[in-house]
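All remarks here apply to the structure that follows.
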Amino acid sequence: MAAKSLSPAGTRKKGVGAMLKRDFMKYKGIYALAIPVLAYFIIFKYIPMYGITIAFKNYVPTKGIFGSEWVGFDHFMRFFKSVYFKRTVLNTLIISVYDVIFGFPAPIIFALLLNEVKNNIFKRTIQTITYLPHFISTVVIAGMIIDFTSQNGLINNIIALFGGERTDMLMRPEMFRGIYIISGIWQGVGWGSIIYLSALSSIDQEQYEAAYIDGANRWQQAINVTLPGIMPTITILFILKIGGLMSVGSEKILLLYSPVTYETADVISTFIYRKGLLDMDYSFSTAVGLFNSIINIILLSTANALSRKVNETSLW
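Numbering-wise (my numbering), the sequence shown opens with residue 165 and increments by one.
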């Protein structure tokens, strides 16, 4: 009987299978370490995704997901037609854009400045001090902000010292976004600079020596050697930042805002919190959250495609 020949596709498939089997047998300890991680994502990330179906149902806890009435896109249309749609989306975008403009470059600038410090003791001291706010609880941070911006707080004391008028800053809608962004920069600039400092340490020092021989000063070296050296890292983090443009965290805003500042402080995440947990309108809040996630996916994919086309650096 003649031997049965395998097609090229079948040969490749068999070869890949054999390769994976050999790789698994060789590194089975490493694969075993990945099992808890995979289990975590499957159990807590993927299986609960079925719950988003309540966005298309009139969910009643006593009836469960299967027993609740299917209403299609009613909750989405209800959000789009509500008076809160424009306010929450606009506030979310404004705060996110401010964060991209002012918050995203802050760790880069700080890392570049810190990289120029030659005294290791001073450099490590500054790093430690700037890292500390990242490890402080959001509740404590919010409490500090409330104390500092109150009428008798530190900031008002300084303003009054120079003849200014005291004011309760968190009660003024026009000041809320600025306070939120500035406090976020203070809290995250040190921690955010770690990855940039790591990227800076990987730049070949011979490039600086060549630039110095060519007559480049420190500023020119930073522009022509340092920034291009860390640009792939900046690009990847910028793509991730754009992907989370609609995901302004609710924790700090919930601790700082009040009905007086809703017009400038109320974002999608805080709106979801009020509707889902306080009003117990689970289907409506899920629909709003799903809308927010879809917009983020679109933004992430668009930013990734543009980055791949412009500078050939992308997430996928």
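Cβ coordinates follow ideal geometry from the N, Cα and C atoms, glycine included.
Query, Result
"Have a look at F299, E427, F455 and V452 and flag the residue whose alpha-carbon is nearest the alpha-carbon of L254.", "E427"
"Please report the Cβ distance between L442 and A306, rounded to the nearest whole angstrom; I am assuming they are in contact, meaning their Cβ atoms lie under 8 Å.", "With 8 Å as the limit, L442 and A306 do not qualify as a contact, their Cβ atoms being about 19 Å apart."
"Using 8 Å as the threshold, is the segment 406-419 in touch with the segment 460-478, meaning 3 or more CB pairs across them?", "yes"
"Which residues in the same chain as A375 place their Cβ atom closer than 8 Å to its Cβ, once the five residues preceding and following it in sequence are excluded?", "Q384, Q385, N388 and V389"
"Assuming R341 and I258 are in contact, meaning their beta carbons sit under 8 Å apart, how far apart are those beta carbons, in whole angstroms?", "7 Å"
"At the level of alpha carbons, what is the spacing between K245 and A203?", "40 Å"
"Do S357 and L278 come within 9 Å of each other at the CB atom, strictly closer than that value?", "yes"
"Rounded to the nearest angstrom, what separates K334 and I323 at their Cα positions?", "Contrary to the premise, residue 334 reads as Leu rather than Lys in this sequence. In a straight line, the C-alpha of L334 is about 15 Å away from that of I323."
"Measuring CB atoms only, is the segment 208-220 touching the segment 443-452, in the sense that at least three cross pairs come out at less than 8 Å?", "yes"
"Look up E131 in the DSSP assignment and say whether it is helix, strand or coil.", "Beyond the ends of the chain as shown, which are 165 and 480, falls residue 131; an answer cannot be given."
"Mind checking whether Y360 and I403 have CB atoms under 9 Å apart?", "no"
"When DSSP labels each residue in this structure, what does K221 get in the three-state scheme?", "strand"
"Quick one: is V201 buried, meaning 16 or more other Cβ sit within 10 Å of its Cβ, or exposed?", "exposed"
"Check this for me: beta carbons of D430 and R242, under 9 Å apart or not?", "no"
"Buried or exposed for Q351, going by 16 or more other Cβ atoms inside 10 Å?", "buried"
"When the distance is taken between beta carbons, is R336 closer than 9 Å to T226?", "no"
"Can you tell me whether F230 is buried or exposed? The criterion is at least 16 other CB atoms within 10 Å of its CB, across all chains shown.", "exposed"
"In whole angstroms, what separates the C-alpha of R186 from that of S362?", "35 Å"
"Does DSSP put E329 in a helix, a strand or coil?", "coil"
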